[in-house]
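Quick notes on the structure that follows.
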Amino acid sequence: FFFSSLCCCFFVFFFFFFFFFFFFFKQKTAYEISACLVGSEMCIRDRYYRLMARYYIHEKMHMEIAKAYKVIYDTLKDNSSIEERLLLKKVAFENYVLYLLLSPFSHEKTNLLSITHKLYRKELELNPLLDELVQSFLTNEIIPLHSVELFHRVGGYEPFRKDIMDESELHFKQLQRGIIHHNLKVVELYYTRITIKRLAELSSIPTSLVEEEIS
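Using the numbering used here, the first residue of the sequence shown is number 133, and each one after it goes up by one.
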């Protein structure tokens, strides 16, 4: 009888020990695996959109490049505070805004610029130049184009860096074209007739560039 009771107690003890071990330690392991999978999913998504951004850069699809970098930034925004990823977040946001500005005029571009201006105030306030450019493209006012000054101001950003981007000069020309097109649309609102020379003066744009874009 004593032996049977001892065996029964040992069995009960073993059962509760096993249950305790499984419930607490196994659950922790499952959580760690889950967290690992989430991190892997983020990593895969990040790599995928970076590859797509490279493809779109090659194809000169600026709106699609902007969308790809927006996904990258939004993925990193709330899920990463690791120091080495802070730079990735910063560059992703800069690229999103700049490639959006490089994209041709469309209602989608205007809508995204408005959304960016409203929802990414903190990020824009940390980058006065991007904030200035976004607000300029959203207003019905002429944007003065001083090519040399503009080149120096944007030259440090990835899309315009000659050391890492073969398309840097093309991107700068595209930004110039975007400003010229914006100014032409503003002029349409206020002038029924205007000479090319006067338009060039108002926009601080060489007459040859205005003629090229109009033609």
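Idealized CB from N, CA, C, for every residue including glycine.
How is residue i classed by DSSP in three states: helix, strand or coil?
i, result
"phenylalanine 269", "helix"
"methionine 193", "coil"
"glutamate 299", "coil"
"proline 338", "coil"
"serine 235", "coil"
"leucine 321", "helix"
"glutamate 343", "helix"
"isoleucine 312", "helix"
"tyrosine 181", "helix"
"threonine 207", "helix"
"proline 260", "helix"
"isoleucine 328", "helix"
"lysine 76", "Lying outside 133 to 347, the shown extent of the chain, residue 76 is not represented and no answer is given."
"arginine 186", "helix"
"lysine 305", "helix"
"glycine 287", "coil"
"histidine 249", "helix"
"lysine 199", "helix"
Could you tell me how far apart the beta carbons of residue i and residue j are, in whole angstroms, since I believe they sit closer than 8 Å?
i, j, result
"tyrosine 231", "isoleucine 204", "Contact flag wrong, Cβ pair sits at about 12 Å."
"serine 300", "arginine 309", "About 15 Å; that fails the 8 Å criterion."
"lysine 250", "tyrosine 228", "The Cβ separation is near 15 Å, so there is no contact."
"isoleucine 274", "valine 342", "Between valine 342 and isoleucine 274 the Cβ distance is about 12 Å, and since that is not below 8 Å, they are no contact."
What residue does the alpha helix (DSSP H) around residue i start on, and which one ends it?
i, result
"leucine 256", "253 to 257"
Please state if the CB of residue j and the CB of residue i are separated by a distance shorter than 8 Å.
i, j, result
"leucine 233", "leucine 265", "yes"
"glutamate 345", "isoleucine 312", "yes"
"glutamate 226", "leucine 262", "yes"
"methionine 195", "glutamate 240", "yes"
"leucine 218", "serine 246", "no"
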